[in-house]
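My numbering numbers the first residue of the sequence shown as 10 and each following residue consecutively.
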Amino acid sequence: MNYEAKDYSRLIGMEGFSETLLKNHFTLYQGYVTNTNKLSDLLAAMLKEGKTGAPEYAELKRRFGFEFDGMRLHEYYFENLGGKAPLDKSGAVAKKLADACGSYEAWEQDFRATGAMRGIGWVVLYQDNITGGLFNQWINEHEVGHLAGCRPILVMDVFEHAFMIDYGLKRADYIEVFFKNINWEAVAKRLG
Ligand SMILES: [Fe+2]
Numbered sequence: 010m011n012y013e014a015k016d017y018s019r020l021i022g023m024e025g026f027s028e029t030l031l032k033n034h035f036t037l038y039q040g041y042v043t044n045t046n047k048l049s050d051l052l053a054a055m056l057k058e059g060k061t062g063a064p065e066y067a068e069l070k071r072r073f074g075f076e077f078d079g080m081r082l083h084e085y086y087f088e089n090l091g092g093k094a095p096l097d098k099s100g101a102v103a104k105k106l107a108d109a110c111g112s113y114e115a116w117e118q119d120f121r122a123t124g125a126m127r128g129i130g131w132v133v134l135y136q137d138n139i140t141g142g143l144f145n146q147w148i149n150e151h152e153v154g155h156l157a158g159c160r161p162i163l164v165m166d167v168f169e170h171a172f173m174i175d176y177g178l179k180r181a182d183y184i185e186v187f188f189k190n191i192n193w194e195a196v197a198k199r200l201g
């Protein structure tokens with residue numbers, strides 16, 4: 010597999026995110042792309058060589074979810090950052106979020122609270138492709154907790170590398186600045 014890492018250098022200069030933090034984060038993301046390609050090739054070679062019964066094959070299969078999701082979640086995350094305008098509270102996106110939790114404020118409180126949970130991982134606002142329902146979901150590491158048949162609408166990285174360089178242990182300060190930089194246009198495009 011020869012998937013190429015996307016370029017998110019347009020995000021450099023974003024308020025509240027240092028260049029050092031962003032550049033480190035882009036490098037980490039590129040590592041997931043490299044490893045996804047590598048695992049895909051290794052698994053294809055093992056299949057060809059008739060090694061599918063080997064424990065190494067099983068472990069690489071398990072690992073593929075970690076690397077692939079680590080790659081793709083970073084892409085959703087970087088793509089939903091760099092917004093230039095705040096959310097229009099009377100617009101369609103705010104209305105859908107309000108419908109999901111009773112009010113827009115309740116939705117935001119739930120999303121932030123999910124991000125403040127102890128542990129490393131992600132918060133993903135999902136939309137169910139079957140019912141259109143919205144869920145703020147905790148993803149452990151990269152691959153545990155995804156909702157089958159749901160589409161990521163808004164993704165926030167809460168691994169320590171996403172904020173420690175700039176905010177130390179103050180995850181709430183990072184979540185604050187994340188909200189200031191959400192690209193609501195990207196969110197609107199994902200939301201059905
Ligand atoms: Fe990350």
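Cβ atoms here follow ideal geometry from the backbone N, Cα and C, with glycine treated the same way. This one's a predicted model, so the numbers in the text were calculated from it and none came from an experiment.
Closer than 7 Å: residue i CB and nearest ligand 1 heavy atom
{"i": "HIS155", "result": "no"}
{"i": "ASP78", "result": "no"}
{"i": "ASP175", "result": "no"}
{"i": "PHE187", "result": "no"}
{"i": "PHE26", "result": "no"}
{"i": "LEU163", "result": "no"}
{"i": "ALA203", "result": "Shown here, the chain extends from 10 to 201; a query on residue 203 therefore has no answer."}
{"i": "LEU217", "result": "Nothing can be reported for residue 217: it is not among the residues displayed for the chain, which extend from 10 to 201."}
{"i": "PHE168", "result": "yes"}
is_contact[residue i, chain C] using C-beta, thresh 8 Å
{"i": "MET80", "result": "Reference to chain C is not applicable here, since this structure consists of a single protein chain."}
Residue i - DSSP class collapsed to helix/strand/coil
{"i": "ALA37", "result": "Note that residue 37 corresponds to Leu in the displayed sequence, not to Ala. Helix, per DSSP."}
{"i": "LEU90", "result": "strand"}
{"i": "ALA63", "result": "coil"}
{"i": "PHE26", "result": "coil"}
{"i": "GLU76", "result": "helix"}
{"i": "SER99", "result": "coil"}
{"i": "GLU84", "result": "helix"}
{"i": "ARG71", "result": "helix"}
{"i": "ASP16", "result": "coil"}
{"i": "THR43", "result": "helix"}
Cβ-Cβ separation, residue j to residue i (assumed contact under 8 Å), whole Å
{"i": "HIS155", "j": "ASN33", "result": "Going by Cβ atoms, the distance from HIS155 to ASN33 rounds to 25 Å, so no, they are not a contact pair."}
{"i": "ALA7", "j": "ASN89", "result": "Nothing can be reported for residue 7, as the shown portion of the chain is limited to 10 through 201."}
{"i": "ALA67", "j": "MET55", "result": "Rounded, the Cβ-Cβ distance is 10 Å, inconsistent with contact."}
{"i": "MET23", "j": "GLY91", "result": "6 Å"}
{"i": "HIS237", "j": "PHE75", "result": "In the structure displayed, the chain extends from 10 to 201; residue 237 sits before or after that span and is not available."}
{"i": "LEU200", "j": "ILE139", "result": "Contact doesn't hold; Cβ gap of about 15 Å is too wide."}
Start and end residues, beta strand (DSSP E) containing residue i
{"i": "GLY130", "result": "130-137"}
{"i": "PHE144", "result": "143-149"}
{"i": "VAL164", "result": "159-166"}
Those residues which DSSP pairs with residue i across a bridge
{"i": "VAL196", "result": "None; VAL196 has no bridge partner."}
{"i": "LEU213", "result": "The requested residue 213 is not part of the displayed model; the chain covers only 10 to 201."}
{"i": "LEU106", "result": "Bridge partners of LEU106: none, in fact."}
For residue i, the first and last residue of its enclosing alpha helix (DSSP H)
{"i": "GLY124", "result": "113-124"}
{"i": "GLU169", "result": "First-last for GLU169: undefined, no H or E at that position."}
{"i": "TYR12", "result": "Careful: TYR12 lies outside any alpha helix (DSSP H) and carries neither H nor E."}
{"i": "ARG180", "result": "180-189"}
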